[in-house]
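Peer 1: Got a structure for you, questions after.
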Ligand SMILES: [Zn+2]
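Protein chains in written order, with full-length UniProt numbering: chain E, 1 to 523; chain S, 1 to 362.
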């Protein structure tokens, strides 16, 4: 899985296309879409000598980390909402830690994927400036700013300078007793401990990315350590949680002391949790796991809002749309599921992968060619990567014709309190999990493009403003620049306005229905 | 047997399933192909149940002629009646009988586990059919098993449906549509397992899809249409008309390479989910869910040598059977047997035969 944190890739100074990669024989360095060619820009990898991983046990997660100038004033974002981002990330981590079932994902609230709709545009323009100037730096200065790709493979965490053409990581951190499973970056961490690393032993470290980059050793420096049972080695806080009574039941246990970390433990389900994602406004949390269920929680009330089962098999990844209306999931049924928060059910299946779907993401930087600003015709673009080594791009077309398919009898829709889209409430009640849908009931989508991007099964996908980033299990990362970037040098104000447009062009109270782009089910 | 047995018992502790036995099989020189398949069959609940019942019913005819069925039934009852919970058993009589009966399995050469499974199931069917016919001629007035009595001189004999059929048999329908007159001709065939072609970095779901993909018959491959009374271009499609209760999937990992003049092992990474639904059934059987309960694994880089082990799910625990050795493994360890995404890899343990049990209709 991947997370975007103010992701930005500066335009290449020379647009010469890279030579074919000797590591990926037979794989093209571009792919065509209706909007133009995506070109392979850079590849990031690690020399295999750095690794001592056990076969079949590799998990690669990639995140983008944006280091600002040290002297830079505090960011213009993160304060607009009612909570502090840095304490938020701790609690988010903490709440998902120590459930004893091998969580693989960590997340920062307000950090990775946590930009609030309101502040999204300013956040992005702010970091764009930083990224632009970083292109002028020929040598990476660890004291300075920059955009880094952080990824874990085997027993190591690697850090690459995103904007340098250098393939090799600038830093590797090895863990002798355990493998890193996941990590997250929070640019707004107040104490400077902005990088969070979760190990398969259940331990979590929080460190300063800058500090790691300044250090030349392969060790983790200046880390704060939290272990599985929730104790912090340095602090004396005690926050052990009671044993889980019924592993099939969702339970939330709060820590005894308000200052202890973790602050709470959410026991969600039996079996591993394979991915978690916060909605962009931070209000909802989605989880997917071994039991095949997608679950959506209201984060503040800690209540299950809705959820449903995969067609079959475990779910491996999940991701929210910018506007919080849709969630994508992918899993062992080879399908990409589109879950509607409004309908509280699966509204489409993407069929096209030849193996398990391991990464999904909405392309929030993409704007529909049909968008005329009136919001009458909205299309979502999303991507998926699979263990079939393919990247698939999909379009989800939404019409604004307000014709609910199942308006309750008696005329006016019933609105329950607190819900902005309550006319479906009588169909699927709040707080329930849906069984696997029948095949014939789900509209099917076909991909816009399917392209084999790596030789190894893929593990992650990320959209940034100027590119698509793909990562495989073995820890190779490819950065594909968008057609607009390679054809015309992008300009920041235009890009920013696109984002602003996207985040405001979904009127809250209008029911968008799936249009003809979703074909009837084919058996 | 003591050390390994007690270790497994310790690992299971008070979670050791009531009445269950976990016994490794001794290897009599390259008999791992047999051991791995027998373990998978032992943990195939309906199969074991039927075989133990058969064994109990046949106790009275102690002097009945020995055959593969009686040998297998004896072996299963021997395991299930062990005092100890774990240990090692020598399936000597069964293996001797197998070798006596079929030249193919007589040598000490490496054998193919799928070929053995296929031979065994067909042999069991033959024996059961003969027995059913035998009881009918002895006792013509009624059929005790609810089977139809074959008509004395009828041309169409009602096929005998044995319990092996009831467990493993499915029906495929081969639909051919003439491209000239659009007439669809359907031909049904039964199967005890499905042999699937595999592709690198694919899933079982995708292999099943390919198995049922539409094929166009043209050029020298034209189809004789009864309606047009001539060879015509046609479209052919294979669908599952009746899915079996136990779905056995054989991955075609051994491929004949014409330019080499020999078989080659395909180590492709083919992922198999723990739960599965078939995409290629007729409408009536869509959405039936299957659950994986056993995997026969081929270990080794070539077809002519190597080893077989099996993974088995019993009472929600996964167990690893390697001849005499039985170990408990994590469910997540199943994914280390998917195969390799690189041609040359140190990982040579690949899922070869998959056993799925139907969970009924949704
Ligand atoms: Zn015809």
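Ideal Cβ placement from N, Cα and C applies to all residues, glycine included.
Being a predicted model, the structure only gives us computed values, none of them experimental.
Using a Cβ cut-off of 8 Å (strictly closer), state whether residue 387(E) contacts chain S.
Peer 2: yes
Peer 1: Quick check on DSSP: helix, strand or coil for residue 339(S)?
Peer 2: Reduced to three states, the DSSP call for residue 339(S) is coil.
Peer 1: Mapping DSSP to helix, strand and coil, what is residue 170(E)?
Peer 2: coil
Peer 1: Between the C-alpha atoms of residue 186(S) and residue 300(E), what's the straight-line distance to the nearest angstrom?
Peer 2: 59 Å
Peer 1: Take the Cβ of residue 71(S) as the centre, count every other Cβ of all protein chains shown within 10 Å, and call the residue buried at 16 or more, exposed below.
Peer 2: buried
Peer 1: For a contact defined as C-beta to C-beta under 9 Å, what are the partners of residue 28(E) on chain S?
Peer 2: Ordered by position in chain S, no residue passes the 9 Å Cβ test against residue 28(E), which lies about 17 Å from the chain.
Peer 1: Shorter than 8 Å from the beta carbon of residue 532(E) to some beta carbon of chain S?
Peer 2: In the structure displayed, chain E extends from 1 to 523; residue 532(E) sits before or after that span and is not available.
Peer 1: Which of the residues in the segment 204-220 of chain S, read from start to end, lie with their CB under 7 Å from any CB of chain E?
Peer 2: 205 and 206
Peer 1: Give me the DSSP bridge partner(s) of residue 183(E).
Peer 2: In the DSSP output, where bridge partners are listed per residue, residue 183(E) has 197(E).
Peer 1: So is the beta-carbon of residue 325(E) under 7 Å away from any non-hydrogen atom of ligand 1?
Peer 2: no
Peer 1: Which word fits residue 56(S), buried or exposed, when buried means at least 16 other C-beta atoms lie within 10 angstroms of its C-beta?
Peer 2: exposed
Peer 1: Just the C-alpha distance for residue 190(S) and residue 248(S), rounded to the nearest angstrom, thanks.
Peer 2: 13 Å
Peer 1: Mind checking residue 240(S): buried by the 16 CB within 10 Å criterion, or exposed?
Peer 2: Residue environment for residue 240(S): buried (at least 16 other C-beta atoms within 10 angstroms of its C-beta).
Peer 1: Report the three-state DSSP secondary structure of residue 118(S) (helix, strand or coil).
Peer 2: helix
Peer 1: For residue 251(S), decide whether its Cβ has a neighbour in chain E, counting only Cβ atoms nearer than 8 Å.
Peer 2: Not an interface residue.
Peer 1: Is residue 174(S) close to chain E, meaning its C-beta is less than 8 Å from at least one C-beta of that chain?
Peer 2: no
Peer 1: Mark residue 72(E) as exposed unless 16 or more other C-beta atoms lie within 10 angstroms of its C-beta, in which case mark it buried.
Peer 2: For residue 72(E), the predicted model reports a pLDDT of 39, less than 50, meaning its position is unreliable; a value from the coordinates is still stated below. Per the 10 Å Cβ criterion, exposed.
Peer 1: Looking at chain E, which residues of the segment 114-139 of chain S have a Cβ within less than 9 Å of any of its Cβ atoms?
Peer 2: none
Peer 1: Within 8 Å of any Cβ in chain S, is that where the Cβ of residue 356(E) sits?
Peer 2: yes
Peer 1: Does any heavy atom of ligand 3 sit closer than 7 Å to the C-beta of residue 181(S)?
Peer 2: Ligand 3 is absent from the structure shown, which contains only ligand 1.
Peer 1: Taking Cβ positions only, does residue 43(E) come closer than 8 Å to chain S?
Peer 2: Cβ-Cβ to chain S under 8 Å: no for residue 43(E).
Peer 1: Is residue 232(S) near ligand 1, judged by its Cβ being under 7 Å from some heavy atom?
Peer 2: Checking every heavy atom of ligand 1 against the Cβ of residue 232(S), one is found closer than 7 Å.
Peer 1: So, helix, strand or coil for residue 177(S), using DSSP?
Peer 2: strand
Peer 1: If distances are taken between C-alpha atoms only, which option among 76(S), 313(S), 246(S) and 272(S) comes closest to residue 360(S)?
Peer 2: 246(S)
Peer 1: Where does residue 203(E) land, buried or exposed, given buried means 16+ other C-beta within 10 angstroms?
Peer 2: buried
Peer 1: Taking the continuous beta strand (DSSP E) assigned at residue 100(S), which residues delimit it?
Peer 2: Not the beta strand (DSSP E): residue 100(S) falls in the alpha helix (DSSP H), residues 92-101.
Peer 1: Run the CB neighbour count on residue 296(S), radius 10 Å, all protein chains shown included, and call it buried at 16 or more, exposed below.
Peer 2: buried
Peer 1: In terms of alpha-carbon separation, which member of 42(E), 273(E), 282(E) and 354(E) lies closest to residue 384(E)?
Peer 2: 354(E)
Peer 1: Just to confirm, are residue 447(E) and residue 396(E) a CB contact at a threshold of 8 Å?
Peer 2: no
Peer 1: On the CB-based measure, 16 or more other CB atoms within 10 Å of its CB, does residue 310(S) come out buried or exposed?
Peer 2: So residue 310(S) counts as buried.
Peer 1: What residue from 450(E), 333(E), 248(E) and 306(E) has the CA that sits closest to residue 326(E)'s CA?
Peer 2: 306(E)
Peer 1: Please classify residue 181(E) as buried or exposed, where buried requires at least 16 neighbouring CB atoms within 10 angstroms.
Peer 2: buried
Peer 1: Sorry if obvious, but does the Cβ on residue 227(S) come closer than 7 Å to a heavy atom of ligand 1?
Peer 2: yes
Peer 1: Between 317(E), 361(E) and 352(E), which has its C-alpha nearest residue 452(E)'s C-alpha?
Peer 2: 352(E)
Peer 1: Assuming the contact rule is C-beta atoms closer than 8 Å, residue 308(E) and residue 294(E) should be a hit. Round their C-beta distance to whole Å, please.
Peer 2: Contact flag correct, Cβ pair sits at about 6 Å.
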